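Participant: Residue numbers (my numbering), protein chains in the order written: chain A, 19 to 326; chain B, 79 to 447.
Beta carbons are placed, not taken as given, at the ideal position from N, Cα and C, and that holds for glycine.
Since we're looking at a predicted model, the values are computed, not measured.
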Amino acid sequence: MADGTIGLWTVPLAVFGGAIRVSTPFLFVSLGECITERSGRINLGLEGTLVMGAMSAYGISYLTGSPWLGVLAAGLAGSLLGALHAGICSLPRVNDIAVGIALMLFGTGLAFYLGKPLIEPTAPRLPAIDFGWWSDIAQLRAALRINVLFLIGVVLAPVLYWAFRTTRWGLLIRTAGESSDAARAMGYSVLEIRLKATMVGGFLAGIGGSFLSLFYPGSWNEGLSSGQGITAVALVIFARWDPMLCLWASLAFGGAAALGPALQSVGITSGYYLFNAAPYILTLAIMIITCSPKRTLTGAPAELSITR
Amino acid sequence: MTIDTADGVEAVGVAPAADPGFLQRHGTTIEYILIPGAALVGALAVFGVFVALFGKNPLDLYFYMYQGAFGTSFSWQNTLTRAAPLILTALCTALPAQLGMVIIGGEGALLIGALAATGAALALPSMPPLVVQLAVVCAGMIGGGLWIMLSGGLRQYRGVNETISSLLLVYIALAILNHLVEGVMRDPASLNKPSTREIGAANMIGSIPGTDVHWGLVFGLIAAVASYILIYHTVFGFAARVAGGNIRAAKIVGLGVGKLIMTICFLAGASAGLAGMVEVAAVQGRTNANLAAGYGFTGILVAFLARQNPLAIIPVAVLLGGISASGGLLQRRLGLPDASVQVLQGIIFAFVLASDALYGRIGFLKGKS
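#1: Verify the CB distance criterion: does Thr-126 (chain A) have a CB-CB separation below 8 Å to chain B?
#2: Mind reading off the beta-carbon distance from Arg-163 (chain A) to Leu-232 (chain A)? Whole number of angstroms is fine, and I expect it under 8 Å.
#3: Determine the extent of the alpha helix (DSSP H) in which Arg-159 (chain A) is found, giving its start and end residues.
#4: Closer than 7 Å by beta-carbon distance: list the chain B residues that pair up with Cys-377 (chain A), in chain order.
#5: For the beta strand (DSSP E) that contains Ala-146 (chain A), what are its first and last residues?
#6: Pop quiz: Tyr-234 (chain A) and Arg-39 (chain A) are said to be a contact at Cβ under 8 Å. What is the actual Cβ separation, rounded to whole angstroms?
#7: Using a Cβ-Cβ cut-off of less than 8 Å, give me the residues of the segment 254 to 271 of chain A that come near chain B, in sequence order.
#8: On the DSSP letters alone, give me the boundaries of the alpha helix (DSSP H) that Met-305 (chain A) sits inside.
#9: Would DSSP call Gly-294 (chain B) helix, strand or coil?
#10: Determine, using beta-carbon pairs with one atom in the segment 243 to 254 of chain A and one in the segment 92 to 110 of chain A, whether at least three such pairs fall under 8 Å.
#11: Return the first residue and the last residue of the alpha helix (DSSP H) that Ala-175 (chain B) is part of.
#12: Which bits of chain A does Ile-250 (chain B) rub up against, with CB to CB less than 8 Å?
#13: Check the Cβ-Cβ distances between Met-73 (chain A) and every residue of chain B, and say whether any is below 8 Å.
#14: For the alpha helix (DSSP H) containing Val-20 (chain B), name the first residue and the last one.
#15: If we define contact as Cβ-Cβ less than 8 Å, is Asp-434 (chain B) a contact residue for chain A?
#16: In or out: Thr-107 (chain B) buried (at least 16 other Cβ within 10 Å) or exposed?
#17: Using the Cα positions of Gly-88 (chain A) and Ala-130 (chain B), report the straight-line distance between them to the nearest angstrom.
#18: I need the boundaries of the alpha helix (DSSP H) containing Gly-273 (chain A), first residue and last residue.
#19: Leaving out five residues before and five after Ser-74 (chain A) in sequence, what residues of the same chain have Cβ atoms less than 6 Å from its Cβ?
#20: DSSP has Ile-255 (chain A) in a bridge; who is on the other side?
#21: Mind pulling the alpha helix (DSSP H) runs of 4 or more residues that sit fully within the segment 151 to 212 of chain A?
#22: Name, going along the chain, the residues of the segment 403 to 422 of chain B whose beta-carbon falls closer than 9 Å to a beta-carbon of chain A.
#23: Would you kindly report the start and end of the unbroken alpha helix (DSSP H) that includes Met-122 (chain A)?
#24: On the CB-based measure, 16 or more other CB atoms within 10 Å of its CB, does Leu-169 (chain A) come out buried or exposed?
#25: Can you give me, in chain order, the residues of the segment 277 to 292 of chain A that have a beta carbon less than 9 Å from any beta carbon in chain B?
#26: Measure the beta-carbon distance from Gly-194 (chain A) to Leu-49 (chain A) and round it to whole angstroms, keeping in mind my assumption that it falls under 8 Å.
#27: Could you compute how far the alpha carbon of Tyr-206 (chain A) sits from the alpha carbon of Ser-323 (chain A)?
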């Protein structure tokens with residue numbers, strides 16, 4: 019095969035590359051939300067956390083010259099927003115879904131406010147590892163330039179799966195999510211467990227945001243996230259609160275999101291916007307197929323307001 | 079006062095008729111005004127501190143906010159023009175809330191309503207304006223209504239969470255809008271900003287005589303009052319509130335919960351669709367991506383601040399319309415980024431939700447004297 023002329027193979031290749039590249043934010047947000055929801059709370063504000071993470075990562079990377087410090091800053095910003103969510107939710111009679119909507123507004127607003135001066139400058143980006151060095155095909159090499167964050171996410175999913183099943187912390191989070199009475203009877207503070215779970219969830223979602231601004235698309239602007247955060251929250255529901263399923267679902271979503279640009283690159287431009295909406299349509303379709311009015315979802319934490 | 083539970087809620091709710099002190103009779107009402115009001119003041123104070131961190135004088139901030147929102151007749155008109163769609167999109171959250179549903183997809187219904195309204199106007203090129211206007215109103219309401227009914231139907235018949243489905247439908251609505259506006263509905267003359275053709279000056283709904291405020295405000299007021307009457311003074315509204323309070327009780331007494339959900343969701347979506355129609359037929363004159371200006375999302379905040387009461391939505395919408403109207407002045411005079419309005423909205427929202435914890439806990443309103 020002569021290089022550069024692979025014709026229509028570009029599309030599946032771009033979808034494959036996109037699945038790896040675009041899925042990373044989905045993966046981090048959904049793993050974070052998975053931890054939070056397992057503890058019995060839903061944080062819809064992760065959309066705001068994602069944008070806030072993207073902005074802080076870009077800003078810190080620009081100021082310090084180190085993209086990894088940026089990633090750390092994004093995580094810290096995310097866990098602060100998580101603490102805010104958990105703090106408001108721990109007051110009596112406060113609806114966690116509504117608080118999530120408020121923090122979605124607040125997080126994106128704050129990121130746009132603070133990020134205004136960051137639209138112009140260019141910050142150092144995260145490095146990528148070249149797994150495609152053996153190939154002559156430019157598209158394949160592009161698809162195989164993989165970011166370290168993606169690899170961390172891929173490792174994190176089985177680690178979380180294992181941690182939920184076997185560690186003391188995993189058991190505590192699940193207890194708080196299944197029955198707050200049981201956790202209380204064991205002498206643990208449910209509010210404290212949920213606070214920590216929401217902060218860790220926010221940390222991961224913030225890192226997901228740092229990927230957006232520091233790797234792909236790799237710049238900061240106000241249109242950076244278009245609902246990836248909220249899609250990832252929905253993704254957790256049909257991943258049945260299972261970290262491994264979150265990984266596969268994120269990859270499928272990344273592929274779906276890459277479909278529009280991939281088709282455009284081979285000249286199919288009609289329906290570009292509809293293909294861009296593919297992840298949302300996919301989410302909705304899967305929710306329609308897998309949900310049922312007659313039973314609660316299998317694997318759903320019993321304390322979760324969304325399933326009651 | 080004998081019934082004083084640990085929680086305090088019931089004590090306020092069923093204040094006995096004996097010893098009818100003013101506070102005891104009106105304690106709940108006063109709470110509904112006092113607590114959101116205090117939350118609003120608290121949020122403004124926090125926003126003042128936030129702005130002070132960036133070296134701006136908070137007193138200037140409050141002054142310009144007042145000036146930009148309610149200071150002159152021009153700013154009043156600007157405020158009321160923005161309040162109109164906010165009333166309508168807030169109803170999109172407040173009506174389903176009576177059934178205990180959290181619908182946050184008003185923005186999507188607004189976009190679909192705008193598209194349907196534009197489509198109706200463009201499909202009737204040589205009709206008299208009154209016919210076109212009537213068709214535009216109906217199309218906007220039906221378009222938006224069906225869009226939210228989709229969320230309601232998915233919840234009722236498939237068990238899909240309505241909060242998430244309605245939000246996903248916002249992004250899908252935006253994609254449909256972009257697809258049509260860049261495709262079959264595109265006006266070839268719109269080069270930089272793809273748009274549909276104009277619906278025609280004769281078909282625009284115009285301003286209320288003597289003002290620059292368009293008729294959309296009147297639509298909003300009528301919709302809010304009608305919703306209030308529907309919810310609090312009809313059997314249908316009573317059934318909806320029963321179902322919202324206890325869905326199993328509603329089923330046991332034989333209420334058709336499915337029908338209630340579908341009807342309420344249609345009305346909610348129709349209201350947001352009307353907002354989209356108003357934006358097209360009174361402001362923009364055509365459909366393009368400008369319509370996704372966030373009225374749907376601010377409407378959620380309005381509904382929560384008004385505690386989902388359709389009448390209370392009117393003053394709250396005017397207040398938040400005023401805050402967003404003052405954004406331009408804040409940008410020009412204080413050099414604040416345009417996102418500062420969004421930051422303030424987020425802070426207000428957080429404060430209002432946190433203040434939910436205060437109901438029934440304010441000592442002097444419990445009438446313990």
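Facilitator: On the basis of the coordinates in this document:
#1: As a working note, residue 126 (chain A) is residue 108 in the first sequence. True, the Cβ-Cβ gap to chain B drops below 8 Å.
#2: Position 145 of the first sequence, counting from 1, holds the residue named residue 163 (chain A). Position 214 of the first sequence, counting from 1, holds the residue named residue 232 (chain A). 14 Å between Cβ atoms; not a contact.
#3: Reading the first sequence from its first residue, position 141 is the one you call residue 159 (chain A). First-last of the alpha helix (DSSP H) with Arg-159 (chain A): 156 to 161.
#4: There is no way to answer for residue 377 (chain A), as the model of chain A reaches only from 19 to 326.
#5: Stepping through the first sequence from its first residue, residue 146 (chain A) is reached at position 128. That run of the beta strand (DSSP E) goes 146 to 148.
#6: Start at 1 with the first residue of the first sequence, and residue 234 (chain A) comes out as number 216. Start at 1 with the first residue of the first sequence, and residue 39 (chain A) comes out as number 21. Sure, about 5 Å apart at Cβ, within 8 Å.
#7: Ile-255
#8: Working through the first sequence from its first residue, we reach residue 305 (chain A) at position 287. Per DSSP, Met-305 (chain A) belongs to the alpha helix (DSSP H) from 296 to 308.
#9: In the second sequence, residue 294 (chain B) corresponds to position 216, counting from 1. Residue state, collapsed to three classes: helix.
#10: no
#11: By one-based count along the second sequence, residue 175 (chain B) stands at place 97. From DSSP, the alpha helix (DSSP H) with Ala-175 (chain B) extends over 151 to 175.
#12: Taking the first residue of the second sequence as 1, we reach residue 250 (chain B) at position 172. In chain order: Ala-295, Tyr-298, Ile-299, Leu-302.
#13: The count along the first sequence starts at 1 and reaches residue 73 (chain A) at position 55. No, no contact with chain B.
#14: Summary: the structure shown does not reach residue 20 (chain B), with chain B confined to residues 79 through 447, and so no result is reported for it.
#15: Here the question's residue 434 (chain B) lines up with position 356 in the second sequence. Asp-434 (chain B) counts as touching chain A.
#16: Translated into the one-based positions of the second sequence, residue 107 (chain B) becomes position 29. Thr-107 (chain B) is exposed by the Cβ-count criterion.
#17: On the first sequence, residue 88 (chain A) is found 70 positions in, with the first residue counted as 1. On the second sequence, residue 130 (chain B) is found 52 positions in, with the first residue counted as 1. Taking the straight line joining both Cα atoms gives about 26 Å.
#18: Walking along the first sequence from the start, residue 273 (chain A) turns up at place 255. Where Gly-273 (chain A) is concerned, the enclosing alpha helix (DSSP H) stretches over 261 to 283.
#19: As a working mapping, residue 74 (chain A) is identified with position 56 in the first sequence. Ala-91, Ala-92, Ala-95, listed in sequence order.
#20: Translated into the one-based positions of the first sequence, residue 255 (chain A) becomes position 237. None; Ile-255 (chain A) has no bridge partner.
#21: 156 to 161, 166 to 184, 186 to 196, 198 to 203
#22: Leu-414, Pro-415, Asp-416, Ala-417, Ser-418, Val-419, Gln-420, Val-421, Leu-422
#23: Here residue 122 (chain A) refers to the residue found at position 104 when the first sequence is read from its first residue. Per DSSP, the continuous alpha helix (DSSP H) segment holding Met-122 (chain A) begins and ends at 114 to 133.
#24: Counting from 1 along the first sequence, the entry for residue 169 (chain A) is found at position 151. When all chains shown are included, Leu-169 (chain A) counts as exposed.
#25: Ser-288, Gly-289, Tyr-290, Tyr-291, Leu-292
#26: Taking the first sequence and counting its residues from 1, the one referred to as residue 194 (chain A) is at position 176. Taking the first sequence and counting its residues from 1, the one referred to as residue 49 (chain A) is at position 31. Contrary to the premise, residue 194 (chain A) reads as Ala rather than Gly in this sequence. Not quite, the Cβ-Cβ distance comes to about 18 Å (not below 8 Å), so this is no contact.
#27: Reading the first sequence from its first residue, position 188 is the one you call residue 206 (chain A). Reading the first sequence from its first residue, position 305 is the one you call residue 323 (chain A). Tyr-206 (chain A) and Ser-323 (chain A): Cα-Cα distance of roughly 21 Å.
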